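Protein chains in written order, with the numbering used here: chain A, 709 to 826; chain B, 590 to 689; chain C, 1156 to 1639.
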Amino acid sequence: MLTGYIPIAILLILSVGLGVLVIVLGGLFGPKRPSKRKSAAYESGMQPIGPGTRRLPVRFYMVAVLFILFDIEVLFFLPWAVAFRDLGLYGLIAMIVFNIPIIVGFIYEWKKGALEWE
Amino acid sequence: MVPVSYYVALSAILFTIGALGVLIRRNAIIIFMSIELMLNAGNLLFVTFARSFEQLSGQVFVFFVIAVAAAEVAVGLALIVAVFKSKQSIDIDEVSNLRG
Amino acid sequence: MIEFNPLDLLNTLPILVLVSWACALLMVNVFVPRQGKGLMVLLTALGLAVTLILSIFQAGTQTEAFKGMLAIDDFTVYMNVFILASSLVALAISHDYMQRMGLARGEYYVLMLFSVAGMMLMASAADLIVVFLALELLSIPLYVLSAFARPQVESEEAGLKYFLLGAFASGFLVYGIALVYGATGQTNLIQIFAAAEAGVETPAFLLVGAGLILVGLGFKVAAAPFHMWTPDVYQGAPTTVTAFMAVGAKAGGFAALLRVFIAAFPAISVDLAPVLAAVAAATLVIGNVVAVAQSNIKRLFAYSSISHAGFILMAFVAFGQDGLFEDTIASVLFYLVTFAIASFGSWAIVIMLERKEGRGLDLQDYAGLGRKYPALALAMAVFMFSFTGVPPTLGFAAKLFVFRVVIEGGYYWLAIVGVVTSVVSAYYYLRLIIIMYMQDGDPQVRGETWLNLATAATAVATVLLFFFSTPLFEWAAEAGFLWF
C-alpha cells in the first residue's frame, strides 16, 4: 500500500540526517573566534541602516484587501467557465446576479476613494 | 491510495493546532492565522469526504468557506489596522480597556 | 443543464427584496450628495416595512426553494416577521442616538440591512451550507457595526474581540459540518435526518460534529462557556448596535439551532440532550451570578442576556422527544419575543441616559429617576420585572412555558437550577429598581419622540400581552416546520 513511498522516505531521512550531521560536526570541531567585524550583517559592502523589516504604508494594505475580494470572485468564475456550456442560460444569469453585488461594492469603493493612490 | 483515516487524522491535528493557537497566542494577527488554520482543517475534511463519497457537494462547500474566509480577512485586517492606529499595539492583552 | 424554477424567486422574494434594497441604499449613500439626515433612515424603514409585508403574505406556504437549500414554512414566516419587526424597533431607537454621538453615516443602515438578511436566511436554512453562509452574513456586518464608533478605542476593541471570537466560532462550525458530512454524506438537514435514522458507519463523527455545531452556534447566542466576548462587546459597541445585536444575533442563532437540531439530529438526541442541559445550566449560573457584581449597566444587561440565552437553551433538552419538540419550538419562539420586547425597551432607556464618552452608563446614574421621570422609571421597572419573571409581565409566562417543557422532558434538576438562578437574578434586577426609586440623584435624560414611543410601546406590550399569553403561545406552536 505505502511501499511505493519507501524510496522517498529513505531520501528524506538521508538528506535531513546528512544536513544535521554536517551542522553538528561543524559546530563541534570548527574554530570559534568571533569578532565585531565578523558578526556584522553583510550586504554588498554597505553598513546596514535601520531594522530589516520596514513598515509599509497602509495604502498597500488597502490594495491587498481589494485584491483578495476580486481574487475570490475569480474562484467562482473558473468553475463556471469550465462548465459554461453545460450550465447554459441559467448559469449565465446566475453569474450576472452574482456579479451585481460585487459591482455595487466596486462602485462604492471607487467613489469612496479607496482606489486613489495619492 | 492513502486511507481516509489518515486525512481525517491530519485535519484533526491541524484543527487542534489552530484552536490551541487561538487560545495561547496573544498577537491578533497570529490568532487570526490560527483561525484560518481551523477553517482549512475543515476544508481538508470536506475534500477528503467528498472524494471518498465520490460527490461534489463537499467540494462546493470548500468554495464557500474560502469565499467567506476572504470576506473575514478583509473585515478582520481592517479592524486590526484600526486598533493598531489608535493603540500602537495588536497584543490582545494590551488592547483591553473593557473590564467589569 | 440546470432547470430554472421561477417559483424559487417568488418563494425567496422577501430576502431578495431586502438584499437588493441594501445594495441600492449603498449606491444612494454614495451618489446622493448632501442627503437630508433622515433620507437613509426613511429608505431603510421603507425597505424593512416592504419586506415585512411580503413576509406576512407568505404565511401558510409549505415549500422548498432552490432544490431544498431553503425551506419556506410557518417557522420561517414567524421568524422573519419577528426579525423584521425587531429591526424596525432597533432603527427607531438608533436614529437620534447616531446623530447625537456623531455617528450618522449611511453605512450603518446598509450594514444593518445586510445583517437582517443574514438573520432571515438563517430562519429558512434547510442545508448546512446555507446555515454557514447565513451565519456569516449575519455576523460580518455586526463585526463592523461594533467598531462603528471608530476612532473610539472601546468600540474598535469591541469590534476586534467580536470578530476574533466570532471567526473562532465559525471555525468550529465548519469543522462540525464537515464531520456531519463525513458521517452521513449529506449536508441537507432532512437527508441528514434520514441517514442518521438509518444508522451511520461512524456515529462518533456525527456526535462530535453535532457537538461542534452546537459550539459554533452557542458562540452566537452567547451560551456559556462560549460567552466571554459578550460583556466586552456589548459594553464597547455603540448602544444601538448592542440592542440590535442582543436580539437579532440571538434570534438568528436560535432559529438555526432549532432547525438543525430538530430537523437533523433527533436520532442522536439521547446523547445530545444531556450536553444541552449542561450548557444551559452553566449559562444560567454564570450569567446570573456574575451579573450581581456589575456596576456598568451595559455589562449588567450583557450578563442578563447571557442568562436569558440559558433559559432559552433549557427548552432544547426536550428537542428529540416525540410530541415535545413542538413545545420546544413554541416556547423558544415565545421566549425570544418576550426577551426582545423587554430588551429593546430597557436598551431604549439606556440610550436616553447615555451621554458622550461613555458617561451616564453607571448604575448610580439611574439614582433619582423615579422622582424626576416617574413614567420612565415605571417602564424600566416593568422591563426588570419581565426579565425576572414576575407576573403580570410577559416574562412570567415565558418562563412558565419553558419550565413546563423542561419538566415534561424529565429534567427536574435543570428546572431547579432555573428557579434558583431566577431568584438570584431578582437581586440585581431589583437593585436597579431600588436605585431608581430609593436613592437621590439628578439623572439627565434625553427624550426624543421615537425613543419615547419605543419605550412606551414595549412597556405596554410587556404587561398587556401577558393576558393573551396562552393564545400567543398557541400561535407560536403553529409555527411548525415544513417536514412535520
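Ideal placement from N, C-alpha and C gives every residue a C-beta, glycine not left out. All of these numbers come straight from a predicted model, not from anything done at the bench.
Contact check, residue i vs residue j, beta carbons under 8 Å
i                 : j                 : result
VAL1335 (chain C) : ILE1347 (chain C) : yes
LEU1640 (chain C) : GLY1202 (chain C) : Past the boundaries of the shown model lies residue 1640 (chain C); chain C is included only from 1156 to 1639, so the question cannot be answered.
ILE1467 (chain C) : ILE1417 (chain C) : no
ALA639 (chain B)  : SER646 (chain B)  : yes
THR1395 (chain C) : MET1253 (chain C) : yes
PHE1538 (chain C) : SER1577 (chain C) : no
LEU1367 (chain C) : ALA1280 (chain C) : no
VAL773 (chain A)  : ALA663 (chain B)  : yes
VAL1505 (chain C) : ILE1590 (chain C) : no
LEU1239 (chain C) : THR1206 (chain C) : yes
ALA1338 (chain C) : LEU1361 (chain C) : yes
VAL1376 (chain C) : ALA1313 (chain C) : no
VAL597 (chain B)  : LEU634 (chain B)  : yes
PHE604 (chain B)  : TYR1264 (chain C) : no
THR1548 (chain C) : VAL1618 (chain C) : yes
PHE1558 (chain C) : GLY1550 (chain C) : no
ILE1170 (chain C) : LEU1297 (chain C) : no
ALA1435 (chain C) : GLU1352 (chain C) : no
ALA1302 (chain C) : LEU668 (chain B)  : yes
SER1270 (chain C) : GLY1403 (chain C) : yes
VAL636 (chain B)  : VAL654 (chain B)  : no
GLN644 (chain B)  : GLY1340 (chain C) : yes
VAL1197 (chain C) : VAL1172 (chain C) : Per the sequence shown, the amino acid found at residue 1197 (chain C) is Leu instead of Val. No, the Cβ-Cβ distance between LEU1197 (chain C) and VAL1172 (chain C) is not below 8 Å.
CYS1178 (chain C) : VAL805 (chain A)  : no
Contact belief for residue i with residue j at Cβ below 8 Å, rounded distance in angstroms
i                 : j                 : result
SER675 (chain B)  : PRO1429 (chain C) : Going by Cβ atoms, the distance from SER675 (chain B) to PRO1429 (chain C) rounds to 45 Å, so no, they are not a contact pair.
ALA1503 (chain C) : ILE1248 (chain C) : 5 Å
SER1580 (chain C) : SER1462 (chain C) : 6 Å
SER1459 (chain C) : ALA1446 (chain C) : 6 Å
THR1315 (chain C) : VAL672 (chain B)  : With the sequence shown as reference, residue 1315 (chain C) is identified as Leu, and Thr is not the correct amino acid for it. Confirmed, Cβ separation roughly 5 Å.
PHE1556 (chain C) : PHE1636 (chain C) : Between PHE1636 (chain C) and PHE1556 (chain C) the Cβ distance is about 19 Å, and since that is not below 8 Å, they are no contact.
ASP1520 (chain C) : PRO1598 (chain C) : 6 Å
PHE1381 (chain C) : GLY1391 (chain C) : So it is not a contact: roughly 18 Å between Cβ atoms.
GLY1465 (chain C) : THR1493 (chain C) : With 8 Å as the limit, GLY1465 (chain C) and THR1493 (chain C) do not qualify as a contact, their Cβ atoms being about 14 Å apart.
VAL1244 (chain C) : ILE1211 (chain C) : With 8 Å as the limit, VAL1244 (chain C) and ILE1211 (chain C) do not qualify as a contact, their Cβ atoms being about 17 Å apart.
MET1256 (chain C) : LYS1511 (chain C) : 7 Å
THR1278 (chain C) : THR1231 (chain C) : Here residue 1278 (chain C) is Ala; the residue named in the question, Thr, does not match the sequence. ALA1278 (chain C) to THR1231 (chain C), Cβ: 5 Å. Contact.
VAL1560 (chain C) : SER1486 (chain C) : 5 Å
Check: residue i C-beta below 7 Å from any heavy atom of the ligand HEM
i                 : result
SER1460 (chain C) : Among the ligands in the structure shown, none appear at all, so the ligand HEM cannot be discussed.
Listed by chain order, chain A residues near residue i by CB distance under 8 Å
i                 : result
VAL1271 (chain C) : Within chain A, no residue comes near VAL1271 (chain C); the closest Cβ sits about 16 Å away, beyond 8 Å.
ILE655 (chain B)  : ILE780 and LEU783
LEU628 (chain B)  : Result: empty, since nearest Cβ-Cβ is about 14 Å, beyond 8 Å.
PHE652 (chain B)  : LEU783, PHE784 and PRO787
Chain C contact residues for residue i, given Cβ-Cβ distances below 7 Å
i                : result
GLY610 (chain B) : Those do not exist, as GLY610 (chain B) stays about 10 Å from chain C at its closest Cβ, beyond 7 Å.
VAL812 (chain A) : CYS1178, LEU1181 and MET1182
SER675 (chain B) : PRO1306, VAL1308 and GLU1311
ILE620 (chain B) : LEU1319
Partner residues on chain C for residue i, Cβ-Cβ distance less than 8 Å
i                : result
PRO809 (chain A) : VAL1174 and CYS1178
LYS819 (chain A) : VAL1185 and PHE1186
GLN644 (chain B) : GLY1340
Residue-level contact to chain F via CB, residue i, 8 Å cutoff
i                : result
ILE815 (chain A) : Included in the structure are the protein chains A, B and C, with no chain F among them.
Identity of the residues DSSP links to residue i by a beta bridge
i                 : result
ASN807 (chain A)  : DSSP output for ASN807 (chain A) lists no bridge partner at all.
ASN1166 (chain C) : Partner(s): none; ASN1166 (chain C) has no beta bridge.
ASN616 (chain B)  : B:ASP680
ASP1426 (chain C) : According to DSSP, ASP1426 (chain C) bridges with nothing at all.
ASP1517 (chain C) : C:ASN1451
ALA1280 (chain C) : C:LEU1225
ASN1343 (chain C) : C:ASP1282
Neighbour list for residue i in chain A, Cβ cutoff strictly below 9 Å
i                 : result
VAL1187 (chain C) : What VAL1187 (chain C) touches in chain A: nothing, since even the nearest Cβ is about 11 Å away.
Per-residue contacts from residue i into chain B (C-beta, under 8 Å)
i                 : result
VAL773 (chain A)  : VAL662, ALA663, LEU666 and ALA667
ILE776 (chain A)  : ALA659, VAL662 and ALA663
ALA1337 (chain C) : Residue 1337 (chain C) is actually Gly in this sequence, not Ala. In chain order: VAL597, LEU634, THR637 and PHE638.
Chain-ordered chain C contacts of residue i [CB-CB under 9 Å]
i                : result
VAL591 (chain B) : Ordered by position in chain C, no residue passes the 9 Å Cβ test against VAL591 (chain B), which lies about 16 Å from the chain.
ILE624 (chain B) : LEU1319, ALA1322, PHE1323, SER1325 and GLY1326
Chain-ordered chain B contacts of residue i [CB-CB under 7 Å]
i                 : result
ALA1302 (chain C) : LEU668 and ALA671
ALA1419 (chain C) : Ordered by position in chain B, no residue passes the 7 Å Cβ test against ALA1419 (chain C), which lies about 15 Å from the chain.
Q) Could you give the uninterrupted runs of the beta strand (DSSP E) lying entirely in the segment 1180-1249 of chain C, keeping only those of 3 residues or more? A) The segment 1180-1249 of chain C is shown to contain whole beta strand (DSSP E) runs of 3 or more residues at 1218-1220 and 1225-1227, in chain order.
Q. Going along the chain, which unbroken runs of the alpha helix (DSSP H) with 4 or more residues stay wholly within the segment 1365-1436 of chain C?
A. Whole alpha helix (DSSP H) segments, 4+ residues: 1384-1391 and 1394-1413.
Q: Identify every run of the alpha helix (DSSP H) within the segment 1260-1329 of chain C, keeping only runs that are complete inside it and at least 4 residues long; order them along the chain.
A: List check, alpha helix (DSSP H) in window: 1262-1278 and 1283-1301.
Q | Contiguous alpha helix (DSSP H) assignments of at least 4 residues, all confined to the segment 1495-1555 of chain C | A | Fully enclosed alpha helix (DSSP H) runs of no fewer than 4 residues occupy 1524-1527 and 1529-1543 of the segment 1495-1555 of chain C, in order along the chain.
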